[in-house]
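First the structure, in the form of structure tokens, and then the observations on it.
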Amino acid sequence: MGELRLMKGNEALAEAAVRAGSDGYFGYPITPQSEVIEYLMAEKPFERTGMVVLQAESEVAAINMLYGGGGTGKKVMTSSSSPGISLMQEGLSYMAGAEIPCIVANIVRGGPGLGDIQPAQSDYFQSVKGGGHGDYRLPVLAPASVQEMSDFVPISYDLAFKYRTPVLIVSDGLIGQMMEKVELFDQMPRITDKEINEKYPWATNGKPKGKERRILTSLDLDPHKLEKHNFHLQDKYKQIEANEVRYELIDCDDAEYIIVAYGSSSRISQKAIQLARAEGIKVGILRLITLWPFPKKPIDELVIKGIKGFLAVEMSAGQMVEDVKLTVRERTKVEHFGRYGGVIHSPEEVLEALKTKIIGG
Amino acid sequence: MTEEIIIAGFGGQGVLSMGKILAYSGIMQDQEVSWFPAYGPEMRGGTANVTVIVSDDRISSPTLTAYDTAVILNQQSMDKFESTVKPGGVLIYDPNGISKHPTRKDINIYTIEGAKLAAEMGNTKIFNMVVLGGYLKVKPIVKLENVIKGLKKSLHERYHKLIPLNEDAITMGMKHVVLK
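So the sequence lines, in the order shown, correspond to chains S and B.
In the numbering used here, each number is its position in the first sequence, counted from 1, plus 1.
In the numbering used here, each number is its position in the second sequence, counted from 1, plus 39.
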């Protein structure tokens, strides 16, 4: 068993970054995730593993530092919160185009604009439908506990390098600020230059003798060549959709109704289904672990099984619910419930919404 | 066993650290724990509160609207949280600084003179540990030995010399908690 600690979600993310063998963290503080860089600066991983921790002058600078670091085949990550993530969208689009691996963690807060610093899930569209320009997708993982804030870091690096893509970890102020028990995984070694040369023939870490110059760019002025590059990207996204869907079914075996939720909302919904079951209402949860790729198959299977209705619970005005509707295709009822702008819905409100919008509605 | 607690008072009373020590104590006896503080603008005006859940099972929602126990350390928190205790639940408060005492008849109400006892012990900083002792007397959800282990884990080593004082404070609180 690994080391047990009581940690904030943000701290667990930071510690996991070190233990996953990151070569660099570049970030700019913003509530509710400033503990990430605070923890790293206090922990001094540059003394522990040689990992670089740098406070960039802005989010725009931080994401472009990832472009540089990731481009050399190193493991690099950043974290920010909603307004800061918006600033990073140009860089993310460029990295998707140039196929550069990295991790970007978004500890979402209420919006739009500067919004507030309380938890929200209103960056779903930005995370799964683009955010930056161009035809691209990013794998998006949504931790629902402090444990997963730690566990999802090495998983994200694996995805990032397997598919040469930025990976998003999308959490929120609730998971970031709360403390829970976390079992830390053992320190993984940082990758060596030799390993990078062997594993990543694309890495721009100096021109090897007798080999062609390596270029990482998203620019190609020949539309036919750029279309071909886009075909390649789309093939990659199809592979990710086929292989990397992650989800969890909670109490779905005998369920007549399903709550679809992720992150904090899935935790709150677990309390709601306990309250519902105490009243004899058979309801389960489909919890999204990957927001993209979206778990279409399990939803389809639940529809075929005869589920009477789906309630999409998210701290937004209704974003994920659109993907649930696209999957259910009007074969049964789909409704949305959620508080937003930094307000967290209570388990009782979720139960009430289930009763009025799905069961009685 | 699942115990859902709200601890609420002024910033600086050690509300958050009391919750942290309780959560760490739960970990020391292999329980699941969560600790969720009010942060940001909610804390303006000097109030602080934290929701702590200690359970034998996987914890669902870390935020709640009803609690098994409320530990209340100022009037603002009394106004806000007296009504959130589940029927049959427990409310523990320090009467020092409370002008409107709790009136509910369907819950068990205890008082602990935390501020007074800590002052008598010569260290007002151990106020929160006296209150924790009072709570643990009423709700012995974690063993004292695990609280001490939890203290060791949550305090920096340079403060470990203060652990006996903290233990005394907990014991003092256990002795002086009173059912109203």
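Think of the CB as a built atom: it goes at the ideal place given N, C-alpha and C, for glycine as much as any other residue.
Short check: CB of residue i to CB of residue j, under 8 Å?
i         : j         : result
Leu41(S)  : Ala15(S)  : yes
Phe49(B)  : Thr86(B)  : yes
Pro299(S) : Leu250(S) : yes
Ser82(S)  : Asn107(S) : yes
Asn205(B) : Leu190(B) : yes
Leu160(S) : Val168(S) : yes
Tyr125(S) : Met96(S)  : no
Ser64(B)  : Asn88(B)  : no
Val109(S) : Met89(S)  : no
Ile60(B)  : Leu171(B) : yes
Gly51(S)  : Ile197(S) : no
Could you pull the start and end residues of the beta strand (DSSP E) that residue i belongs to?
i         : result
Ser172(S) : Pro167 to Asp173
Leu352(S) : Per DSSP, Leu352(S) belongs to no beta strand (DSSP E); it is in the alpha helix (DSSP H), Pro348 to Ala354.
Thr123(B) : Where Thr123(B) is concerned, there is no enclosing beta strand (DSSP E), given that its DSSP letter is neither H nor E.
Phe311(S) : Gly310 to Val314
Met180(S) : Met180 to Leu185
Glu71(B)  : Glu71 to Pro76
Kindly indicate which three-state DSSP category residue i falls into: helix, strand or coil?
i         : result
Leu287(S) : strand
Tyr63(B)  : helix
Glu336(S) : strand
Thr205(S) : coil
Asp159(S) : helix
Pro84(S)  : helix
Thr150(B) : strand
Tyr29(S)  : coil
Tyr137(S) : coil
Gly136(B) : coil
Tyr125(S) : helix
Thr90(B)  : strand
Asn113(B) : coil
Thr218(S) : coil
Glu1(S)   : In the structure as shown, chain S begins at 2 and stops at 362. Residue 1(S) is therefore absent and cannot be evaluated.
Phe153(S) : helix
Met78(S)  : strand
Phe166(B) : helix
Who are the neighbours of residue i on chain B, taking C-beta pairs under 9 Å?
i         : result
Ser317(S) : Near Ser317(S) there are no residues of chain B at all, since even the closest Cβ is about 17 Å away, more than 9 Å.
Glu12(S)  : Within 9 Å Cβ-Cβ: nothing; Glu12(S) doesn't reach chain B, min ~12 Å.
So residue i contacts chain C; which residues on that side make the cut at Cβ distance below 9 Å?
i         : result
Ile269(S) : Among the chains of the structure shown, chain C does not appear; the protein chains present are S and B.
Just the chain S side, please: which residues come within less than 9 Å of residue i by C-beta, in chain order?
i        : result
Lys59(B) : Leu7 and Met180
Ile45(B) : Residues of chain S passing the Cβ test: none, with the nearest at roughly 14 Å.
Ala62(B) : Leu7, Met180, Glu181 and Lys182
Ile72(B) : The identity of residue 72(B) in the sequence shown is Val, whereas the question assumes Ile. In chain order: Leu7, Met180, Glu181 and Lys182.
Starting from the C-beta of residue i, find all residues in its chain whose C-beta is less than 6 Å away, skip the five residues before and the five after it, and write them out in chain order.
i         : result
Glu4(S)   : Leu185
Ala256(S) : Lys283, Val284 and Gly285
Val322(S) : Ala313 and His337
Thr123(B) : Ala105 and Tyr106
Just to confirm the assignment, what range does the alpha helix (DSSP H) spanning residue i have?
i         : result
Arg20(S)  : Gly10 to Arg20
Thr142(B) : Per DSSP, Thr142(B) belongs to no alpha helix (DSSP H) and is neither H nor E.
Tyr40(S)  : Ser35 to Glu44
Asp236(S) : Pro224 to Asn244
Glu184(B) : Leu183 to Ser193
Leu93(S)  : Gln90 to Ala99
Ala208(B) : Ile202 to His215
Glu60(S)  : Glu60 to Gly72
Leu327(S) : Met321 to Val329
Met271(S) : The sequence shown places Gln at residue 271(S), rather than the Met named in the question. Its alpha helix (DSSP H) spans residues Gly264 to Ala279.
Glu302(S) : Lys297 to Lys306
So which residues on chain B does residue i lean against when the C-beta distance must stay under 8 Å?
i         : result
Leu175(S) : Phe75, Pro101 and Thr102
Gln275(S) : Ser99
Ile345(S) : Thr102
Less than 7 Å between C-beta atoms, sequence neighbours within five positions excluded: which residues of the same chain meet that for residue i?
i         : result
Val304(S) : Val329, Arg332 and Thr333
Lys237(S) : Tyr164
Kindly list the residues whose CB is nearer than 8 Å to the CB of residue i, restricted to its own chain and excluding five residues on each side of it in sequence; keep chain order.
i         : result
Leu115(S) : Pro84
Pro134(B) : His140, Thr150 and Glu152
Under 7 Å Cβ-Cβ, which residues of chain B neighbour residue i?
i         : result
Lys272(S) : Ser99 and Ser100
Just checking residue i against the ligand ADP - is the residue's beta carbon closer than 7 Å to any of the ligand's heavy atoms?
i         : result
Val154(S) : Among the components of this structure there are no ligands whatsoever, and the ligand ADP is therefore not found.
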